[in-house]
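Using my numbering, read the first sequence as starting at 1457 and increasing by one per residue.
All C-beta atoms in this analysis are idealised placements derived from N, C-alpha and C, irrespective of residue type, glycine included.
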Amino acid sequence: MPKFVEVLLDLPIDRSFTYQIPDGMEEKARIGHRVVVPFARREMTGYVVETLDEVEATYTIKEIKRVIDDTPLYNTQTIALAEWMSRFYLCSRGEALSMMIPGGRRDSSIPALESEEDLLFGRVERLSDEQQHAIDTILKREKPMYYLYGITGSGKSEVFLRAAEAIIREGKTVIYLVPEITLTHQLARQVTNRFSQRVAILHSALTPSQRLKEWKRIIAGEVDLAIGARSAVFAPFPNLGLIILDEEHENSYKSGNTPRYHARQVAQRRCQSEGATLVMGSATPSLEAWALMQENKEVGSLHLRNRVSGGTMPVIEVVNLSYEKNLISKTLQERIKETLNKKKQAILFLNRRGFSYFFHCNSCGYELRCPHCAVALTYHKGTEQMVCHYCGYRTKPMRVCPECNSLDVNYSGFGTEMVEEEVRRLFPSARIARLDTDSAKKKGQVGKVIKAFRDGEIDILLGTQMVAKGLNFPLVELVGIVLADSGLNIPDFRAQERTFSLLVQVSGRAGRYNDQGRVIIQTYHPENPAIQYALRSDVQGFYSQELEIRKQTGFPPYSRLINLVFRGRNQQKVEQEVQKFSAHIEQLTVNGGAEVLCSSECPLEKIASNWRYHLLVSGVQASLAHHLVAKALSDYTPARGVYLEVDLDPLQLI
DNA sequence: AGCACGCCGACT
DNA sequence: GTCGGCGTGCTC
């Protein structure tokens, strides 16, 4: 009977601590149980990862205070995954494990959108040849991963579900990952019906105790399929057969706090070590996934070309805003009028992101770009400089727009409020509602607006990113993208990819229930590749030229980026610390292959009275960048009051 | 991450 | 003389 245990704690130190098991507690203090332990004059929740019969110690070993769980919450496989995560994402094992276990640190995701989904679950339809071929290929499992690539409405969900059913019939289990926003009550109900209750729903709105209950059902073998967002990738199935990753391109698969894991990477790892198959799907794959598909080694590419339920693609028009007086162009005004006359609805989409922290021309939207990285420069008010956050290039902001000679250049921009005002002025009798992050803060507000819109009580819905996802409303005939450029100008090498993806996703949805679907893209740069390829629905064309650009500029997938963010109350101290670390890592950068690209203030240099500086490391070979940072971090602890966060494969540098 | 210990400045 | 700044080290 073991008398000692090794315990991991949710601390940024990567060590375990030894505790003694009090008499009579031996049965319950096993691997997989959470325990309460005394630790440096306080109590903490710990995770038992090992049991020991005897230990040699030069210190006095303390006793476990109490055991939390009656039955194990995790197994050696889970612990191994946490170990991998700590190595891969450069965090401690305790941080990784406590992030995986419910009741641990909360997963701070956005509250779920109460919209309904249109995945045609439950309805048994005849499969198309393409779908049948995809299912057959997946079930052969000749490759460890498959990518189901096809437009919205091509029946990806049905392929996923049939594959899941087949795997479950083999006695194995399935994890079905969806972006947070698509996991709705209706979707949950449909999946539950289809798999006759043997389903666990891991929703972010669940309380820790509800989440724990679902975990225990999974462990107890009462469940064949778990559906959920990002963190559902940790669902503790002992006999995992399949992981489905729907809408693979979605950024919400990447965690926003330490460890900043990506559900796709974790899923890959789990499938690899547990002998399961990974099936991903999207109409607009991430460039990383696309590159893997082209290689055709580990990822098998399955293309769904046709829409299952018919429905034509919408007519897409591009309007050049340069020749327009108003923010809402004559063409868009005309289309809105037509739509309203037909008693149909319109959605106006505005990508507001980024306008506040970069400098641009208010007349034509012109933006200063980095000559080395081809990304927009970020305006720093304090130093009156334009800075590239990938290579550190600096220059003075412009006084006159070089494109249109306008003097109206500054760092302010227009937001949803401004557009709303204009729309109200143009259509005084229309019923208009706004849906964005500000209005989403009020609880229940989002659901109310969406319901009203669905019930036809609103004519024009105005919104940001939020409306782009769940916008399947039968009465919508018109989608207007008020300013496609606002996404193109953000200082990010993925700006083109995101814009293209968004345009394709939005267009794909507009024609879903309706043969009259129309999409109007307003832009100052109609010649932009993202817009042009989206207009022609040329997905492959966009990816090949974008991959070429990434190759030339040395960005992912042709390199690995690691962003190290230092933050703290005291600006001087944080700055000093970055410089100190920069010198330290520079010294290790000897045989090349990986280098420090840039170390400077963050694009948003102060958040919640915390000063932020970052250091960006890049490696042509992923492992070289990883090794360099791991080595630099191995014998380093930041000064007091300075906190370091590691972001491996960052999606944005804010 | 916390929390105590310890060594230097300005205060009832 | 003490209160309190934050630099350093440790936690089984």
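Test item: CB-CB of residue i and residue j under 8 Å
i	j	result
Ala-1723	Ile-1699	yes
Gln-2001	Ala-1940	no
Cys-1857	Cys-1844	no
Asp-1892	Gly-1919	yes
Met-1736	Glu-1704	yes
Lys-2087	Leu-2044	yes
Val-1975	Ser-1957	no
Glu-1551	Leu-1583	no
Ile-1591	Ala-1619	yes
Glu-1670	Ala-1661	no
Lys-1710	Leu-2107	yes
Asp-1680	Arg-1720	no
Arg-1890	Glu-1876	yes
Thr-1955	Gly-1973	no
Pro-1558	Pro-1478	no
Ala-1739	Pro-2013	no
Gln-1587	Leu-1760	yes
Leu-1595	Ala-1622	yes
CB-CB length for residue i against residue j, believed under 8 Å
i	j	result
Leu-2060	Leu-1743	With a Cβ gap of about 25 Å, Leu-2060 and Leu-1743 do not count as contacting.
Thr-2009	Phe-1929	Not a contact, Cβ separation roughly 39 Å.
Glu-1636	Ala-1685	4 Å
Arg-1667	Leu-1658	7 Å
Ala-1682	Ile-1624	With 8 Å as the limit, Ala-1682 and Ile-1624 do not qualify as a contact, their Cβ atoms being about 12 Å apart.
Ile-1487	Ser-1548	Wrong, their Cβ atoms sit about 18 Å apart, outside the cutoff.
Ala-2039	Ala-2081	18 Å between Cβ atoms; not a contact.
Leu-1537	Arg-1726	7 Å
Ile-1803	Val-1905	In fact, because the Cβ distance is near 12 Å, the residues do not count as touching under 8 Å.
Ile-1987	Val-1774	6 Å
Arg-2025	Ser-2065	6 Å
Ile-1937	Phe-1815	Their Cβ separation, rounded to whole angstroms, is 23 Å, which puts Ile-1937 and Phe-1815 out of contact at 8 Å.
Contact set for residue i: own chain, Cβ-Cβ below 6 Å, skip 5 residues either direction
i	result
Gln-2027	Trp-2067
Leu-2100	Phe-2022, Pro-2094
Ala-1691	Ile-1631, Ile-1674, Ala-1682
Asp-1702	Val-1634, Gly-1737
Tyr-1980	Leu-1777, Ser-1778, Cys-1820, Gly-1821, Asp-1941
Thr-1795	Ala-1802, Glu-1933, Leu-1934
Ile-1524	Arg-1490
Lys-1628	Asn-1695, Gly-1697
Ser-1565	Reliability of the predicted coordinates at Ser-1565 is poor, the pLDDT of 45 falling under 50, and the value obtained from them is presented with this limitation in mind. The residues are Glu-1636, Ser-1660.
Thr-1527	none
8 Å CB neighbourhood of residue i in its chain, flanking five on each side removed
i	result
Arg-1887	Glu-1913, Ile-1914, Asp-1915, Ile-1916
Ile-1517	Phe-1460, Thr-1474, Tyr-1475, Gln-1476, Val-1511
Glu-1593	For clarity, residue 1593 is Thr in the given sequence; the question names Glu instead. Taken in chain order, the residues that qualify are Tyr-1602, Gly-1756, Leu-1758.
His-1589	Leu-1758
Exposure label - residue i; buried when at least 16 CB within 10 Å
i	result
Val-2046	exposed
Ala-1688	buried
Lys-1951	What sits at residue 1951 in the sequence shown is Ala, not Lys. By the neighbour-count rule (16 or more Cβ atoms within 10 Å), Ala-1951 is buried.
Ser-2090	exposed
Asn-1713	exposed
Met-1457	exposed
Ile-2063	exposed
Gln-1901	exposed
Leu-2104	buried
Ser-1554	buried
Val-2121	Any property of residue 2121 remains undetermined from this structure, which presents the chain solely from 1457 to 2110.
Asn-1807	buried
Lys-1612	buried
Pro-1715	buried
Thr-1514	exposed
Asp-1574	Annotation note: pLDDT 43 at Asp-1574 (below 50); position unreliable, no value reported.
Pro-1947	buried
Pro-1741	buried
Gly-1609	buried
Glu-1483	exposed
Residue i CB to nearest heavy atom of the ligand COA below 7 Å
i	result
Gln-1801	Ligands displayed in this structure: none; no statement on the ligand COA is therefore possible.
Cβ neighbours of residue i in the same chain (closer than 7 Å, five flanking residues each side left out)
i	result
Leu-1546	Val-2085, Ala-2086, Leu-2089, Val-2102, Leu-2104
Arg-2096	none
Met-1481	Ile-1520, Val-1523
Three or more C-beta pairs below 8 Å linking the segment 1634 to 1646 and the segment 2029 to 2040
The segment 1634 to 1646 makes no contact with the segment 2029 to 2040; the number of CB pairs closer than 8 Å stays below 3.
Do three or more CB pairs link the segment 1493 to 1503 to the segment 1464 to 1474 at distances below 8 Å?
Output reads yes: the segment 1464 to 1474 touches the segment 1493 to 1503.
Cβ pair count under 8 Å reaching 3, the segment 1755 to 1770 against the segment 1598 to 1614:
Judged by pairs of C-beta atoms under 8 Å, the segment 1755 to 1770 touches the segment 1598 to 1614, as three or more such pairs exist.
For the structure I just gave you, are there three or more beta carbon pairs, one from the segment 2012 to 2022 and one from the segment 2070 to 2081, closer than 8 Å?
Flag = yes, the segment 2012 to 2022 and the segment 2070 to 2081 touch.
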